[in-house]
Amino acid sequence: MGLRMIDSVSDPNVADQEPFLTAWMRAVLIIVVPIALLCVILVYGWGASPRPCKVAFPMWIGCTLGKFETLTSGVIAAFAAWFAGWAALRSARLQINAQGKAESRQAAIRVDNFARALHAELADLVARCCFDTEVRWHTYLPANAQGSLVEHELRSFAPAQPTIFANSSGDLALLGEDAPLRLVQFYNSLTALRRDIGDIADGLTGNPANPKLVRRVAQRFLFTLRPGLDALRALSPLVPNSEDVERTAIGAYDANRQGGPPPDGTLRDRIERLLKSTNTGRQ
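With this note's numbering as the guide, the letters of the sequence shown map in order to residues 1 to 283.
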């Protein structure tokens with residue numbers, strides 16, 4: 001998991017074992033003690049009897065049991081009931097432990113699958129923000145940058161609505177201490193970007209956006225990169241082959257790149273390079 005979040009699941013060999021000495025000690029106490037008690041009672045009764053049995057093994061056992069038939073049968077019945085109760089309790093305990101371990105394993109699998117799905121969606125959205133910033137929006141970041149965009153062109157850069165994250169708010173706590181906060185920070189920045197694009201596009205009324213508004217959108221794109229990078233780093237320990245997923249995500253956008261090959265490095269390397277080049281990303 002992955003989750004990795006439940007210690008008993010991370011090492012099933014250890015989780016399934018039970019202390020050897022403790023189990024044997026319980027068996028000795030439950031089986032030997034009643035037998036010893038029975039013997040003490042019978043020997044005491046045999047010795048105190050006015051007509052004691054002859055000391056001839058093993059005849060004295062039958063003699064003593066016959067003389068104290070009621071007491072013997074009661075002790076044997078009590079011992080049988082005691083042993084049956086212990087066996088039932090032992091069986092129930094083993095069943096409860098097995099059920100608990102199975103539920104723990106299932107929980108770990110659910111966390112693992114949830115982290116994988118969430119990371120895949122996150123990698124795609126962060127890759128889109130990185131790609132758009134590299135290809136278009138970084139040129140509008142300088143204060144003196146000039147440029148304009150018409151409404152339909154501006155709306156085409158609006159990021160997609162997340163689906164997995166939007167429907168998993170109750171499960172974020174399963175991801176540990178750091179990942180939920182990093183995810184929320186990124187998706188909040190993504191929401192701000194989408195909101196500004198929509199507000200600016202709604203107010204254009206047929207006129208192109210002026211350089212000031214275009215720069216505002218460019219800054220919003222930039223402000224998604226640091227939270228996106230932090231979210232990828234926080235979630236990746238829970239996802240096997242997370243770098244392969246991120247490489248595939250940015251590669252899908254690079255396949256449509258025009259005007260030269262994509263920058264070198266992984267998705268995280270490219271985000272770091274953008275943040276350093278602009279020197280305005282949130283550190």
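Note that the Cβ used here is the ideal one computed from N, Cα and C, for glycine as well.
For D230, the uninterrupted alpha helix (DSSP H) segment begins and ends at 211-235.
Taking C-beta separations shorter than 7 angstroms and ignoring five residues to either side along the sequence, the partners of S189 in its chain run F223, T224, P227, following chain order. A straight-line Cα-Cα distance of about 14 angstroms links A160 and C130.
The C-alpha of H138 is placed about 8 angstroms away from the C-alpha of T278. By the C-beta criterion, the region 236-250 is judged not to be in contact with the region 190-202, since fewer than 3 inter-stretch pairs fall below 8 angstroms.
The beta carbon of R93 lies closer than 8 angstroms to none in the same chain, with the five residues before and after it left out. Looking at the backbone, the Cα of L181 and that of Y187 are separated by about 10 angstroms. Sequence-distant Cβ neighbours of D230 in its own chain, meaning closer than 8 angstroms and more than five residues away, are R182, Q185, F186. Fully contained in the region 235-271 are the following alpha helix (DSSP H) runs of length 4 or more, in chain order: 242-254.
For N167 and V126, the gap between their C-alpha atoms comes out near 19 angstroms. By the C-beta density criterion, I197 is buried, having at least 16 other C-beta atoms within 10 angstroms.
Using a Cβ distance threshold of 8 angstroms, A115 and L172 do not count as a contacting pair.
With 16 or more other Cβ atoms inside 10 Å of its own Cβ, V217 counts as buried.
When the alpha-carbon of L232 is set against those of I271, E151, D199, A145, the nearest one is in I271. Cβ contact annotation for F157 (same chain, cutoff 7 angstroms, sequence separation greater than five): D132, I197, in chain order. For the 8 angstroms CB-CB criterion, L149 and A209 form a contact. Here the alpha carbon of I96 sits roughly 10 angstroms from the alpha carbon of A102.
DSSP links L149 through a beta bridge to A209. Contact annotation, A117 with A249: C-beta distance approximately 13 angstroms; criterion of less than 8 angstroms not satisfied. In the structure shown, G176 falls within a coil segment according to DSSP collapsed to helix, strand and coil.
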